[in-house]
Amino acid sequence: MQIFGVDIGGSGIKGAPVDLDRGDLAEERCKVLTPHPATPDAVADGVKEVVGHFGWSGPVGITFPGVVTGGSTIRTAANVDKSWIDTDAGALLGERIGGLPVTVLNDADAAGVAEMQFGAGKGRSGTVILLTFGTGIGSALFVDGELVPNTELGHLELNGHDAEKKASTKAKEDHDLTWEHWARRVTKYLAHVEMLFSPELFIVGGGVSRKADKFLPLIEGITAEIVPAQLQNNAGIVGAAMRAATVAR
-14 MQIFGVDIGG SGIKGAPVDL DRGDLAEERC KVLTPHPATP DAVADGVKEV
36 VGHFGWSGPV GITFPGVVTG GSTIRTAANV DKSWIDTDAG ALLGERIGGL
86 PVTVLNDADA AGVAEMQFGA GKGRSGTVIL LTFGTGIGSA LFVDGELVPN
136 TELGHLELNG HDAEKKASTK AKEDHDLTWE HWARRVTKYL AHVEMLFSPE
186 LFIVGGGVSR KADKFLPLIE GITAEIVPAQ LQNNAGIVGA AMRAATVAR
């Protein structure tokens, strides 16, 4: 079974049909740059371009980098334009892609759902936290395999700042940090999250998971097991498609 997934990020909008039996992309993904400013209309045009690239005509799952309630309504917008807040994203995006059925969920929640079903979290019980490091830091919290949605742990305060302002991949790039320096920041962040939630497992996702060997060995003093995401930066697309398939049944 194939369902289309779209992952809206702070830097790119990417999507592809997903083979839900394998938990992987059925075709090579299409990616366009996230517009700036990332207003609802401008982002909707990007989603339309990605979906239209494949001539898709079925249900579509779409991630959003913020809190999403009721499968449609945007409540926060840290790394896109603030005009998204209170937008009915399901209605807007569905109309823009020709009236196709649309389901919207938090981007890290989507990645987490995919990793728990097909990736690094498969078969794991207890408390598992997936963290996506990119433009910001997204989070997905699972207790015995059940998702606690919209946790947004990237906005925990760390040394007087939003944690993602100090420990995201964007922060590494903006401040030209070495892997060693950035790993120290990530370690402080993980220690804070561990103090609050005592997880058995951290899954590190986002695009930087492709380079896990450069920084995970540098992280010390964390009790929980730390592993890279297996689906890497495709996890959001896969998870979005999974959610759309559930709603479409």
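Numbering follows this note's numbering, with no gaps: position 227 of the sequence shown is 212.
Beta carbons are placed, not taken as given, at the ideal position from N, Cα and C, and that holds for glycine.
From a predicted model like this one, the values you see are computed outputs, not experimental measurements.
Classification of Met227 by the beta-carbon crowding that lies within 10 angstroms, buried from 16 upward = So Met227 ends up on the buried side.
Gly285: buried (16+ other C-beta within 10 angstroms of its C-beta) or exposed?
-> Given that the chain is displayed from residue -14 to residue 234, the structure contains no residue 285 and the question cannot be resolved.
Determine the DSSP secondary structure at Ile211, reduced to helix, strand or coil.
-> When DSSP states are grouped into helix, strand and coil, Ile211 belongs to the strand group.
Okay, do the segment 91 to 105 and the segment 206 to 214 touch, 3+ Cβ pairs below 8 angstroms being the bar?
-> Proximity of the segment 91 to 105 to the segment 206 to 214 meets the contact definition, three or more beta-carbon pairs being nearer than 8 angstroms.
Could you please give the first and the last residue of the uninterrupted beta strand (DSSP E) stretch that includes Leu77?
-> Segment 74 to 81 is the alpha helix (DSSP H) holding Leu77; no beta strand (DSSP E) there.
So the beta strand (DSSP E) Ala105 belongs to, where does it begin and stop?
-> Boundaries cannot be given for Ala105, as no beta strand (DSSP E) includes it and DSSP labels it neither H nor E.
Rounded to whole angstroms, what's the CA-CA distance from Phe57 to Ala1? Just pull it up for me.
-> Residue 57 is actually Ser in this sequence, not Phe. Roughly 20 angstroms separates the two Cα atoms.
Short Cβ contact (8 angstroms threshold) for Ala225 with Ile(-2) = Ala225 is not a Cβ neighbour of Ile(-2), given a cutoff of 8 angstroms.
Alpha carbon to alpha carbon, how far is Pro50 from Leu201?
-> Whole-angstrom Cα-Cα distance: 24 angstroms.
CA nearest to the CA of Gly83, picked from Gly104, Gly40, Ala62 | With distances taken between Cα atoms, Gly83 lies closest to Gly40.
Residue range of the unbroken alpha helix (DSSP H) whose run includes Leu181 = 164 to 182 is the span of the alpha helix (DSSP H), which, as asked, contains Leu181.
Whether Ala148 touches Leu141 by CB criterion (8 angstroms) = Yes; because the gap between Cβ atoms is below 8 angstroms, this pair is in contact.
Would you kindly work out how many angstroms separate the C-alpha atoms of Leu186 and Arg81, rounded to a whole number?
-> Whole-angstrom Cα-Cα distance: 39 angstroms.
Tell me, please, which residues DSSP counts as bridged to Asn91.
-> For Asn91, which the question treats as bridged, DSSP gives the partners Phe49.
When Thr120, Asp(-8), Thr112, Val52 are compared against Ala209, the one with the closest alpha-carbon | When each option's Cα is compared against that of Ala209, the closest is Thr112.
Mark Ser124 as exposed unless 16 or more other C-beta atoms lie within 10 angstroms of its C-beta, in which case mark it buried.
-> Ser124 counts as buried, since at least 16 other C-beta atoms from the protein chains shown sit within 10 angstroms of its C-beta.
According to the Cβ coordinates, are Leu181 and Ile207 closer than 8 angstroms?
-> The answer is no: Cβ separation not under 8 angstroms.
Taking Ala230 as the reference, give the member of Val89, Leu78, Gly37 with the closest Cα.
-> Nearest C-alpha to Ala230: Val89.
Can you tell which of Pro20, Gln(-13), Val(-9), Arg14 has its C-alpha closest to the C-alpha of Arg7?
-> Of the candidates Pro20, Gln(-13), Val(-9), Arg14, the one whose C-alpha sits nearest the C-alpha of Arg7 is Gln(-13).
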